[in-house]
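Protein sequence lines, in the order shown, are assigned to chains H and V.
The numbering of the first sequence is our numbering, which starts it at 1 and goes up by one.
The numbering of the second sequence is our numbering, which starts it at 1001 and goes up by one.
Note that CB positions come from ideal geometry on N, CA and C, so glycine has one too.
Protein chains: 2
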Amino acid sequence: MEASTGYLLVKLGGAAGGYFDQSLDSLGLRPRHVRVLDRIQSDALSQQDLCRLTGMDRTTMVAVLDDLERLGYARREPSTTDRRKHVVMPTDAGRSALKEAAVLLRKAEVAFLSPLSATERKQLNVLVARLAEAGLPVCET
Amino acid sequence: MEASTGYLLVKLGGAAGGYFDQSLDSLGLRPRHVRVLDRIQSDALSQQDLCRLTGMDRTTMVAVLDDLERLGYARREPSTTDRRKHVVMPTDAGRSALKEAAVLLRKAEVAFLSPLSATERKQLNVLVARLAEAGLPVCET
DNA sequence: CTCCAATCGTCAGCAACGCTGATGATCAGC
DNA sequence: GCTGATCATCAGCGTTGCTGACGATTGGAG
């Protein structure tokens, strides 16, 4: 029970989360900010689009974008095609912050997985990818 | 970035957590209650002992034990050796509830890991156990 | 064209969570 | 017998993710 895969997964997920959180402290960001910053690089997305793509709540997204705007990493611009929408654009500072964050996150991940050999890390990646891709089966008890 | 092992681990951990939560709905318990219920089976532990063993906060433990007592699954008894302490004892109902919970959790885990083959599940278990055992390295960025 | 339901972004406020600090009771060492 | 530490408890704080409501705007039906 203590050593069940499921329990360990929960524990590990939490630890990894805290780990990633900390790794971004110097940027004043949290992983969710980076995820949003990443999404808005390529396409011009509305806040709703971002919600759908990241799975975040609409009100949480407002807070995240407030943060990114305050830090000068992104801007909200009125959409030219739909005046209800705001198109979210990254700034130059946002783009370089994203690069920096990616480096930090990568470093944190390497450290976190350091107890495993290269082969094992590859194995783990395959397994969790399969599990995540499997759509996280619906609970029906 | 989207498919990094670390990010997937966080996602998976959260999903597994919610999964386990749901699986215990019918018992009115949450995984933490089951963990406590499990710990008090063998030894006579004080609340502080339980905190140390489970890593839970002392005030959270109070709430958990309140729940378990209200459900008739555990009792607080004054320690005979130290009148500051409460020894936490499982009731018969608590013991059978634990058995039932273990079954439900096991079922949930099987379902959650069902996208993997038996060999892969074994592999995953070894890997996450190694990572968890490695003491979750300290972040120092 | 005129409504009307639906969508967008925002805000106030709620419920759960984990924690800090303080309290009263008790213990252990000097 | 005093003093500092430990135990269980409670009140209260800050954070988090969410619901519900709101005004503004859109798009389609009649």
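Could you check where the beta strand (DSSP E) with residue i kicks off and where it finishes?
{"i": "H/Arg-75", "result": "74-78"}
Assuming the contact rule is C-beta atoms closer than 8 Å, residue i and residue j should be a hit. Round their C-beta distance to whole Å, please.
{"i": "V/Leu-1105", "j": "V/Ser-1023", "result": "6 Å"}
{"i": "V/Ile-1040", "j": "V/Ala-1063", "result": "Not a contact, Cβ separation roughly 16 Å."}
{"i": "H/Gly-13", "j": "V/Val-1010", "result": "5 Å"}
{"i": "H/Ala-102", "j": "V/Met-1061", "result": "Incorrect: roughly 40 Å between the Cβ atoms, too far for contact."}
{"i": "H/Glu-100", "j": "H/Leu-37", "result": "Incorrect: roughly 11 Å between the Cβ atoms, too far for contact."}
{"i": "H/Leu-131", "j": "V/Pro-1115", "result": "6 Å"}
{"i": "V/Ala-1044", "j": "V/Phe-1112", "result": "Between V/Phe-1112 and V/Ala-1044 the Cβ distance is about 34 Å, and since that is not below 8 Å, they are no contact."}
{"i": "V/Tyr-1019", "j": "V/Ala-1108", "result": "5 Å"}
Can you give me the start and stop residues for the alpha helix (DSSP H) that residue i sits inside?
{"i": "V/Met-1061", "result": "1058-1070"}
{"i": "H/Thr-119", "result": "118-133"}
{"i": "H/Ala-16", "result": "5-23"}
{"i": "H/Asp-82", "result": "That residue, H/Asp-82, is in no alpha helix (DSSP H); it is neither H nor E in DSSP."}
{"i": "V/Pro-1031", "result": "1031-1039"}
Taking the DSSP output, what are the residues bridged to residue i?
{"i": "V/Leu-1045", "result": "V/Val-1088"}
query = Do the region 76-94 of chain H and the region 119-133 of chain H touch if we need at least three Cβ pairs shorter than 8 Å?
reply = Too few Cβ pairs lie closer than 8 Å, so no.
ask   = Is it true that the region 51-62 of chain H meets the region 5-12 of chain H, where meeting means three or more beta-carbon pairs spaced less than 8 Å apart?
value = The region 51-62 of chain H, when compared against the region 5-12 of chain H, does not touch it at the 8 Å Cβ threshold.
ask   = Would you call the region 1063-1072 of chain V and the region 1019-1039 of chain V in contact, with 3 or more CB pairs under 8 Å?
value = Yes: at least three Cβ pairs fall under 8 Å.
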